[in-house]
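Just so we're aligned, residue 0 is where the sequence shown starts under numbering that gives the first Met the number 0, counting upward by one. Just so you know, even glycine gets a beta-carbon here, dropped at the ideal spot from N, CA and C. Just below is one structure, and these are the notes that go with it.
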Amino acid sequence: MKQMMDQLSMQFEMVKVMLEGKAGDERGDAVQWILIVLAGIAIVGIVVAAITTYVQNQTSQLG
0 MKQMMDQLSM QFEMVKVMLE GKAGDERGDA VQWILIVLAG IAIVGIVVAA ITTYVQNQTS
60 QLG
């Protein structure tokens, strides 16, 4: 779980840096936006995996 949280923090920082870089550049570089979207998808995937793991652990403790 700690590893997932570290990975999630790293992904957030990467997206933040990308968005800060885009603020000064209004040309709308398609590759940059694709990378931002993919990073967002990765963040959602990590969150879903963390929630799934948590629910499975709680379920296994119940019985």
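- CA-CA distance, Thr52 to Val30, rounds to 33 Å.
- The C-alpha of Ile45 is placed about 14 Å away from the C-alpha of Glu12.
- Straight-line measurement puts the Cα of Val47 at about 23 Å from the Cα of Met17.
- Taking 7 Å as the cut-off, the Cβ atoms of Ala41 and Gln2 do not count as close.
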